[in-house]
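What follows is a short report on a single structure.
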């Protein structure tokens, strides 16, 4: 066991090292970080540098004579309003105001503040969230006017509904009505909402995260009595850790704990309007830009920029591995954006503010965002074209371009761009339009052809009955058809339609052979592969350019043989009559519906759009149900079981399979240990001899 | 579904706990294991104060030896106790003055009016080139004095100064001795004789009475001295020959054959000679140091010590010619992260030192020097130290030489136990460092660049290349592979015929002078490496098409096509690497695993003698086919130690193999161009590809300066990195105008979309149709500028506060570049925002 744990420890260690191992780059704008964007599959792909660090404010310059410059100390929050930066200089217990270049304008609150962690600026006041204002355990929100004078404070709400949780404000926002939304340390009830009336009225909790039921808890609740369960720690939702508000009054909350949605965009009713393909890990700060684009900073030092719809435009930055390079962070604590899209990022460990400026590329993206959000699709094409020229694989731009073209009615081109952006929904809509045009044009011909085919069939079968026109064909193929192999293959159709007769055939009429089963499985695998890799884009689940054919084959073969073997073993000890060969053939024949249906589905996948996707789903459902029924009947009939017995045997089969897998796993681990042991000895021996 | 997810999470948690157990048990109980050699070592695990370039050294104990500036908490030396207390008090008083008051005094103290008389205990040795050399033998400390102005450069602090600064023993030793070594103690147990440890005491200074010097004479004139150094405690002896030439160049060298290591318990590891030469104190002086990061950076001296708080936490310490894969314990890999963030390379590596220079400029006393390592550079480091780091007061930049180092050797295949080993032989031969001195108006980075250029030309490190005509570099990407079903199929981005068409169309647009480079021309595409024969992929047209294209272009005369190949990397999926891939000193085969590559993921490095062999093979093949141009990558910007046939080879061996190979090609009449070549290859290459215009963006860098481009312009043609991937193309264009670096584009005929599922999917923008106009525009604009200064040197460069740079060439032409977003008037001429002007 020790060896194993060492192995794992090594893996972990190499993980740590791997994170530091950096391969020399052949391409890069020369900033210390790489910039990634999201492609249509929701994966990271590298792109042009989006933001360049232009300035690092290490000290706040005090130009007053005889005064020393100011070094920040563990600053936790930053807000940029107009041409001023407001900093919660936490460990210095003060609020610092400076201009965008870092020249000091004002310092205040140093005489009364204790642990200012959050700050918010309105036209009237500067709101400061002080975690330990009253005492070590009770904080308050303090208001200052713009000259730095104390105005008033809001302490712990004196309301029954508030409960007795501590009031330790860490971050806050204020809406246009002056209502405060306060994030209090560890408060799992949600964001505390306080209205300024009557010296602070508690309005309730907002943006509460949902509780998630863990499997452990489910297990425990089964085992434990109610009384015992009550003694367990409460199942509380995770608390919100940062908050922001945009110009429309929509509120953004961050949750850094491991939840499925770490960013939420909430309307006043508390409904989340934001979904993304991927969420940042451990987000700590959020700000909203002028295009409603969302900037999120994480404790790992990464900055994410999302569009308001949740497309991830850029990810960049990172931890400074004691290299001390501009643009990387020790501890990213807060960020904000100014009117020129510059990002101001606060580092509470390095005690500095890094200023990032958008590049020409990002400016283009932003200008297309603006035009696009105003519905000026045609105008948005121009910046998009430039973006695509600079990066043809920037899927957000491809998608936006496709949409612009779509609204212009250029469906063909839109389809191409959607395809490039891997956007199935957009592609489906564009395809629908294209198909519609095609259908309108050729519908007459299409109907004519169908009618013709039907007539042809009728006529030919009539002719066959009358004059036997197909007889020569029958004669020619007679030899083949009389072959047992052919019969066995063709039997699949019978088995599918008449499973009871079918199993009889398998058991009594020799409709079983490894060769025929092999051929059928081969066809199954072939159809499976063709469908998986070459079906219509809308229904394709496999990513382009990625092939896993050996595993496709092995999985099918493995499952089939394993399932047959296990079933056989279980049946043998349960008075089943089936033999291995029979069970295997039964299973293989049971797959026939798939083989019959898949080619049709393949063709349909080429011509259907999302509107008719239900057809595909329905077909899938039919195939699966059919296959399951056939499998069930195979087990039942081949072994001559009653229905009840069959259920029992199938249950046992699953259990046995589970045990087998478990044993295989254990053996694998043991074998790995033995191998490790032997190689260690070998290495040691070689080493000793070598010396 | 929810439960399912939760179960997974639970399992993961259990697994993590399982993983943590051994780590905790390692940390608590396992110290008796194989890593006992390393217990009690204070030096190696305490080097957070330096910028290490061995980024792979993420282990808790790194192999970097730097430990100079650690406060070991020891009291000052007995020697220090002899310093008169009143002197110390006076010095302390001086240190406590506000810096603007100190500035004047410090400047005064840095000028010595009297000539050839003792300065601070140093006696006169000789003079040359307008400078005088002084020596204080006991401490091996020197002073350089400008004969005209009296400005001096010191190399040590006096004991009084060191005591007044409350330095610990280590710091005291460091700042008062001119020579420092780092010994390695090693375990004498029979079977583990090479397992070592850094000796305690960290850096060892010279002890009094263990230096003897004698005059060095040339033609009867004293030109310097030879010092016999003896570190008796460790049994190290060697000679340092210090020489001041008539050209005003001070040099020191340590011939390899004078080094003796007589104590079997100790081996020599690191060596510093005159580390503090030209140092300044805090922000007391006006000036800056120059570091070889990218195209060059400066660190201003003033204003770095704030209210007793250090402004910066790390110094610059980088290995010359890049970090060494042969010394890193574990193979590099980009995998194993559990979140998307941690599993990708999110940071870029910092710039490597391609030429080991460093500079010191004292602007107030107008004296400056640029140092260059001429021999032994492959084993050297450049160390730029900024005051404030670990409570030090000094700013200085120096060399460090690593005769030996410690590295981890893993004892089993999972790497759970390892030992610290050191190499038996020394990793460096002769060492020579030269400081080129300059003063007066030349005491700027431009003056130093001029000095360095003429020195490089005189010593033959670069050749004055006659062809300095402007051209644009176009890299064409031929073939790459993508997965298809169970095979890999070719993806053709540009064929030979496409190149012909593109060049034809460009010449119609006036783009006539082109340096064309063809990558991925070989059979099976760009990642089929290594290659040793001329075998073009049939999809690009085969050998015949390429031969025809080259000969046709040759007739035209203005376009030359180079075939590019990586001569270092082995793609293990395409070629067997069992007998050709390097093992590091650690005994492990170096391997790079790139999980997110689409097709090929595992790469190794060729033995240098194999690279040499393959280069010779392919050269012969090329010549047989009438091809005279070749571009090489991989070998040009990598260097490592390795084991072959149970013998240890050094970076010097690697360097010699590569140099031999390239020289051989060159001698056979080939024209060779190299990707970011290291200095030792400059004399063979006809172009410097992928020249870095920027820097690594260190926080402490005050300015980026076009230092290296100023040195090379007019002698070696520099081509930029690909413009395609620049997000700020306007600024980048202006930088090209400013530095005189020539533009480069990556071009494919097809849209890069086709490469989406190949390893080349990093290329997201290269389609010719989209770049045609840009190339033509860059070409005409840059050609206009470059034609006016063709073959000329850059003699001066300055950047005004208004964000306008002025580059002056040797023919008097001035190039003004306005980087700001407002119009600026300079020298009576208005330069539009984000624009330039030449006159």
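Chains as they are written, first to last, in my numbering: chain A, 1 to 691; chain B, 1 to 839.
The beta carbon of each residue, even a glycine, is placed where N, CA and C say it ideally should be.
Which residues in chain B sit within 8 Å of residue i, going by Cβ to Cβ distance?
| i | result |
| --- | --- |
| residue 349/A | Those do not exist, as residue 349/A stays about 10 Å from chain B at its closest Cβ, beyond 8 Å. |
| residue 47/A | 764 |
| residue 389/A | 765, 770 |
Whose Cβ in chain A lies nearer than 7 Å to the Cβ of residue i?
| i | result |
| --- | --- |
| residue 696/B | 32, 325 |
| residue 484/B | 547 |
| residue 640/B | Those within 7 Å of residue 640/B in chain A number zero; the least Cβ separation is about 13 Å. |
Could you name the residues of chain A that residue i contacts, counting a contact when the two beta carbons are closer than 8 Å?
| i | result |
| --- | --- |
| residue 752/B | 392, 393 |
Using the DSSP secondary-structure output, state which residues sit across from residue i in a beta bridge.
| i | result |
| --- | --- |
| residue 797/B | 807/B |
| residue 483/A | None, per the DSSP bridge assignment. |
| residue 847/B | In the structure displayed, chain B extends from 1 to 839; residue 847/B sits before or after that span and is not available. |
| residue 778/B | Answer is none; residue 778/B lacks a bridge partner. |
| residue 852/B | Nothing about residue 852/B can be read from this structure; chain B reaches only from 1 to 839. |
| residue 249/B | 436/B |
| residue 829/B | 826/B |
| residue 420/B | 408/B |
| residue 431/B | 254/B |
On the criterion of 16 or more Cβ atoms from any shown chain inside 10 Å, does residue i qualify as buried, or is it exposed?
| i | result |
| --- | --- |
| residue 828/B | exposed |
| residue 280/A | buried |
| residue 304/A | buried |
| residue 420/B | buried |
| residue 672/A | exposed |
| residue 173/A | buried |
| residue 455/B | buried |
| residue 366/A | buried |
| residue 36/B | Note that residue 36/B has pLDDT 32, beneath the 50 cutoff, so the model's placement of it is unreliable and no number is given. |
| residue 231/B | buried |
| residue 488/A | buried |
| residue 585/A | buried |
| residue 75/B | Its pLDDT being 39, under 50, residue 75/B is placed unreliably in this model, and the value from its coordinates should be taken loosely. Residue 75/B should be labelled exposed. |
| residue 267/A | exposed |
| residue 315/A | buried |
| residue 498/A | exposed |
Compute the beta-carbon to beta-carbon distance between residue i and residue j, rounded to the nearest angstrom, for a pair I have assumed lies under 8 Å.
| i | j | result |
| --- | --- | --- |
| residue 807/B | residue 794/B | 6 Å |
| residue 759/B | residue 547/A | Actually they do not touch by this definition, with Cβ atoms about 15 Å apart. |
| residue 609/A | residue 431/A | 5 Å |
| residue 370/B | residue 276/B | About 17 Å separates the two Cβ atoms, so there is no contact after all. |
So which residues on chain B does residue i lean against when the C-beta distance must stay under 9 Å?
| i | result |
| --- | --- |
| residue 50/A | 727 |
Taking C-beta pairs closer than 7 Å, name the residues in chain B that residue i reaches, listed in chain order.
| i | result |
| --- | --- |
| residue 157/A | Ordered by position in chain B, no residue passes the 7 Å Cβ test against residue 157/A, which lies about 34 Å from the chain. |
| residue 361/A | 727 |
Any contact of the stretch 87–94 of chain B with the stretch 157–167 of chain B, i.e. 3+ C-beta pairs under 8 Å? yes
Contact between the stretch 231–239 of chain B and the stretch 251–266 of chain B is defined here as three or more beta-carbon pairs at a separation below 8 Å; is this criterion met? yes
Would the stretch 809–827 of chain B and the stretch 486–502 of chain B be scored as touching if the rule is three or more Cβ pairs under 8 Å? no
Quick check: the stretch 346–365 of chain A against the stretch 348–364 of chain B, are at least 3 beta-carbon pairs closer than 8 Å? no
Assess, as a yes-or-no matter, whether the stretch 552–559 of chain A is touched by the stretch 611–630 of chain A under the definition of 3 or more beta carbon pairs within less than 8 Å. no
Pairing CB atoms from the stretch 470–477 of chain B with CB atoms from the stretch 734–741 of chain B, are three or more of them under 8 Å? no
Whether or not the stretch 410–428 of chain A and the stretch 57–72 of chain A are in contact is what I'm after, with contact meaning three or more pairs of Cβ atoms, one per stretch, closer than 8 Å; do they touch? no
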